[in-house]
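Student:
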Amino acid sequence: MADFLTSTHRAKWIFSAQHLMEKYKAANQRARQALEKYGATRMEVKADGSLSYPEPQIDAKDNAEKHSRAKPLKIEEEQHLREFYEFKIQDVCDAFKFPRKIQATALTYFKRFYLQWSVMEHHPKDIMLTCIYTACKAEENHVSAEELGKGIEQDHRMILNNEMISVGFDLIVYAPYRALEGFIADLEDFIQAKDEKHQVLMDLHETAKMEADKTMLTDAALLFPPGQFAVFLEMVENITETLVVEAFDF
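Residue 133 in the UniProt record's numbering sits at position 133 of the sequence shown; the count goes up by one each step and never skips.
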């Protein structure tokens with residue numbers, strides 16, 4: 001089994017809050033510069049995965065169209081768009097009944113992608129679908145691009161094209177769910193849970209996983225290791241307190 005301590009996840013994808021903001025600012029600034037130079041920000045992804053901007057305007061300053069072009073998004077507006085499509089990732093994964101690990105992996109890929117790119121450069125709807133498709137492959141829960149595209153009425157060729165620019169973001173991802181399972185298993189052994197106490201434990205475990213789902217929609221996956229992430233969940237404290245009461249009848 002892969003080891004988090006020696007993983008690319010730990011080495012390359014855990015940041016400080018300040019570092020995250022610097023990355024978001026850099027991507028936003030690059031898109032603004034592209035709008036100034038090209039009159040557009042959206043990058044074309046070709047079948048071989050290569051990228052291209054439109055041809056530069058000959059004299060952007062004197063071009064009358066400059067005054068009617070779209071305004072660049074603010075960093076906060078980009079964040080709102082990312083958050084919307086992260087919710088959509090969960091919706092699509094639920095619709096296809098994918099395991100939580102695929103959902104978590106797809107969300108992590110999506111978050112990593114937009115540390116490097118602005119939503120003005122690559123439409124998050126396209127990247128969302130590509131991240132889900134790539135997560136299915138990485139987690140050995142294969143679904144074809146055609147099947148995924150058909151299920152949500154999107155062109156599967158877009159998914160395959162974007163896959164070429166997403167695979168550079170390291171495929172092995174660690175999520176908090178396994179750490180939660182280990183924590184629950186330790187508690188089960190500690191209190192020797194049986195019958196009603198075992199059911200209480202299982203119910204609280206399910207609640208904790210739902211809290212983890214919510215936390216995966218924040219930057220926590222980019223700020224904390226998965227084990228620490230799991231311990232930080234508010235529900236862990238509630239689980240511990242409830243199980244002690246159940247075990248010792250306090």
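A virtual CB, placed ideally from N, CA and C, is assigned to each residue, including glycine.
Within its chain, find whatever has a CB closer than 6 Å to the CB of residue 41; leave out the 5 residues flanking it on each side and keep chain order.
Tutor: Contacts found: 31, 34, 35, 120, 121.
Student: Give the secondary structure of residue 64 by DSSP, where H, G and I count as helix, E and B as strand, and everything else as coil.
Tutor: In this predicted model, residue 64 has a pLDDT of only 48, less than 50, meaning its place in the structure is not dependable; the value taken from the coordinates is given anyway. Residue 64 falls in the helix class under three-state DSSP.
Student: Measuring CB atoms only, is the stretch 99 to 106 touching the stretch 124 to 142, in the sense that at least three cross pairs come out at less than 8 Å?
Tutor: Output reads yes: the stretch 124 to 142 touches the stretch 99 to 106.
Student: Buried or exposed: residue 159, going by 16 or more other Cβ atoms within 10 Å of its Cβ?
Tutor: Buried, since its Cβ has 16 or more Cβ neighbours within 10 Å.
Student: Using a 10 Å radius around the Cβ and a threshold of 16 neighbouring Cβ atoms, would you call residue 51 buried or exposed?
Tutor: Exposed, because fewer than 16 other Cβ atoms sit within 10 Å of the Cβ of residue 51.
Student: Rank 165, 96, 116, 211 by C-alpha distance to the C-alpha of residue 142 and give the top, closest one.
Tutor: Looking at the Cα atoms, 96 is the closest of the given residues.
Student: Considering only C-alpha positions, which residue in the set 90, 162, 221 is nearest to residue 14?
Tutor: Nearest C-alpha to residue 14: 221.
Student: Could you have a look at residue 215 and say whether DSSP puts it in helix, strand or coil?
Tutor: Helix at residue 215.
Student: Pick helix, strand or coil for residue 11, following the three-state DSSP scheme.
Tutor: Reduced to three states, the DSSP call for residue 11 is helix.
Student: Among residues of its own chain, excluding the 5 on either side of residue 219, which ones have a beta-carbon nearer than 7 Å to its beta-carbon?
Tutor: Around residue 219: 20.
Student: Out of curiosity, what's the CA-to-CA distance linking residue 148 and residue 163?
Tutor: When rounded, the distance between both Cα atoms is 14 Å.
Student: Considering Cα atoms alone, identify which of 98, 216, 151 is closest to residue 175.
Tutor: Residue 175 has its Cα closest to that of 216, out of 98, 216, 151.
Student: Out of curiosity, what's the CA-to-CA distance linking residue 28 and residue 153?
Tutor: Their backbone Cα atoms lie some 30 Å apart in a straight line.
Student: Residue 64: buried (16+ other C-beta within 10 angstroms of its C-beta) or exposed?
Tutor: Bear in mind that a pLDDT of 48 at residue 64, under 50, signals an unreliable position, so the number given afterwards is only what the model happens to contain. Counting Cβ neighbours within 10 Å, residue 64 comes out exposed, since fewer than 16 surround it.
Student: Answer with buried or exposed for residue 39, where buried requires no fewer than 16 other C-beta atoms within 10 angstroms of its C-beta.
Tutor: It is buried - the Cβ of residue 39 has at least 16 other Cβ atoms within 10 Å.
Student: Assign residue 184 to one of two classes, buried (16 or more other C-beta atoms within 10 Å of its C-beta) or exposed (fewer than that).
Tutor: With 16 or more other Cβ atoms within 10 Å, it is buried.
Student: Measure the C-alpha to C-alpha separation of residue 85 and residue 140 and round it to an integer number of angstroms.
Tutor: Distance between the alpha carbons of residue 85 and residue 140: 23 Å.
Student: So is residue 130 buried or exposed if we call it buried at 16+ other beta carbons inside 10 Å?
Tutor: Flag for residue 130 reads buried.
Student: What residues in its chain sit with their C-beta under 7 Å from that of residue 171, if we drop five residues either side in the sequence?
Tutor: Excluding positions up to five away in sequence, the list reads 138.
Student: What is the residue span of the alpha helix (DSSP H) that residue 174 lies within?
Tutor: Element bounds for residue 174: n/a, residue is neither H nor E.
Student: What does the alpha-carbon distance come out to for the pair residue 11 and residue 227?
Tutor: The straight-line gap from Cα to Cα measures roughly 15 Å.
Student: Can you tell me where the alpha helix (DSSP H) holding residue 128 begins and where it ends?
Tutor: Segment 124 to 138, the alpha helix (DSSP H) holding residue 128.
Student: What's the call for residue 196, buried or exposed, on a 16-neighbour Cβ count within 10 Å?
Tutor: Looking at its Cβ environment, which holds fewer than 16 other Cβ atoms inside 10 Å, residue 196 is exposed.
Student: Apart from the five residues on each side of it in sequence, which residues of its chain come closer than 7 Å, Cβ to Cβ, to residue 145?
Tutor: Closer than 7 Å at the Cβ level, and outside the excluded window around residue 145, lie 133, 156, 159, 160.
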